[in-house]
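Residue numbers (mature numbering (1 follows the signal peptide of the UniProt record, and there is no 0)): -18 to -1, 1 to 453.
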């Protein structure tokens, strides 16, 4: 009998010992035990709580289960989150601004908001967090993320990491993605019906396919210097891409949006850009090519080799099913890809200051067999019309307290060579001028001015402007 009682006593003692949560990191444990950090933890009713309720200097499993929100942010020295797996009732967890390298949070199935930015993270396991809505992991060293089972996600900020590949699929609630300043070479996107912002700027993307992402949303993709192809043909809604400082050559779009994207993307000065509803950057299989030059007969003696070859003149194609367009490059050249049939080709001028000959050319292809036809266009002035168009385009998101870059684009839409100046008026109490390239020619409290000379018809120039928005 005595031996039996001793066995039972030892068994109970072992069970009690197992209820203590092992927390080896001293800073992590101190934040949980120190009553001065009263706001570290929140209970089920939203009230601040002391985690070590029995004041024994340890955290029992029962005490860990009482915590619904836990904030370890700004502790700076936490490197090990061992023990967090027992806080399984957590809805909100913040351990930003620490030194954590790796963590497994897959046991926190009720978690709704996770703030882990500004650590040294190279690995984080969030698989199976079906309730996670807000995930902030920016300013880390992550190279990959697995979103398996994260179906409730609404906000995802992962900028300033080392992520090379990202898959965002079947996330019906996802609204905002900030994946800029990574090392992305590949991104797979589909079934994101609620998306309104997808920022993939400052990466290494060469292609970007949005065909499985219907809807209207912003797509900053600036400073992907090798980006050549973008598929915006999503069947529903309008995508607003930012493509400054890219090598974009082909944009596939819905047939009813060709004209819109010609104007929208035209401001980015991409002379080799082809816009078409025929979605092959380097067309696969058999195709045909229509190429040629657009000349401006500046001296009205007929187009010849001595005439000015304007860039950024829109040339369109239409076979009755597919439409396409291209802008002339710096040599006045254009190229269009087509299939067989009668193709209507036209050089489009946005005003009546010019006459184009021929107004429309018809190119016939009996088959699609890698054929090529040259079709040139001659442009002459119609009257005397001086006209300059000016547009300001943001190169990123403006945030109070930080610098923001803008591109000022001005184009001679008239048929005369122009000299003049540009003036930018701004609210000096809200915005501070930082710098511009080229530099300003004149500056006052709320006015910036740049002079220009010899601006040719069809010519476009630009100014890169940096402003600081007061916080």
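Virtual Cβ for every residue (Gly too), placed ideally from N, Cα, C.
DSSP places residue 354 within a strand segment (E or B) once states are collapsed to three. Bridge partners of residue 222 according to DSSP: 200.
Between residue 85 and residue 106 a beta carbon distance of about 6 Å is seen, short of the 8 Å cut, so the two are scored as contacting.
Under the three-state reduction of DSSP output, residue 24 falls in the strand class. Cβ-Cβ distances below 8 Å link residue 284 to 360 in the same chain, with the five nearest sequence neighbours on each side left out; the list follows chain order. Closest in alpha carbon position to residue 207, among 182, 249 and 32, is 182. In terms of CA proximity to residue 225, 189 leads the group 193, 189, 196 and 237. If you look at residue 243, you'll find it in the alpha helix (DSSP H) that goes 240 to 248.
Cβ neighbours of residue 321 within its own chain (closer than 8 Å, five residues either side excluded): 260, 269, 270, 301, 304, 347 and 350. Rounded to the nearest angstrom, the Cβ distance from residue 318 to residue 386 is 37 Å, too far for a contact under 8 Å. Where residue 347 is concerned, the enclosing beta strand (DSSP E) starts and stops at 343 to 347.
Per the coordinates, the alpha-carbon of residue 312 lies some 57 Å from the alpha-carbon of residue 73. Residue 141 sits close to residue 163, with the two beta carbons spaced by under 8 Å. Residue 139 is bridged by DSSP to 118 and 160. Under the three-state reduction of DSSP, residue 376 is assigned to strand. With a 10 Å radius around the Cβ and a threshold of 16 neighbouring Cβ atoms, residue 314 comes out buried. For residue 356, the closest C-alpha among the options 367, 371, 343 and 111 is that of 343. Taking C-beta atoms as the reference points, residue 391 and residue 404 fail to come closer than 8 Å. Distance between residue 436 and residue 248, taken at the CA atoms: about 22 Å.
Within the stretch 46 to 114, the runs of beta strand (DSSP E) that reach at least 3 residues and sit entirely inside it are, in chain order, 51 to 53, 74 to 76, 84 to 86, 95 to 97 and 105 to 107. A Cβ-Cβ distance of about 19 Å is found for the pair residue 170 and residue 157, leaving them out of contact under the 8 Å criterion. Around the beta carbon of residue 383, fewer than 16 other beta carbons sit within 10 angstroms, so the residue counts as exposed. Annotation for residue 33: 14, 15, 22, 23, 41, 45, 46, 48 and 49 place their beta carbon closer than 8 Å to its own, counting only its chain and skipping 5 residues before and after. Rounded to whole angstroms, the Cβ separation of residue 230 and residue 209 is 6 Å, and the two are in contact under 8 Å. In the structure shown, the three-state DSSP call for residue 434 is strand.
In the three-state scheme derived from DSSP, where H, G and I count as helix and E and B as strand, residue 317 is classed as strand. Checking the DSSP bridge columns, you'll see residue 391 partnered with 373 and 444. Shown here, residue 303 sits in coil according to DSSP, grouped into three states, outside any helix or strand.
When secondary structure is reduced to three states using DSSP, residue 362 falls in the strand class. Within the same chain, 301 come within 6 Å of residue 323 by CB-CB distance, once the 5 residues on both sides are set aside. Here the alpha carbons of residue 294 and residue 393 stand approximately 10 Å from one another.
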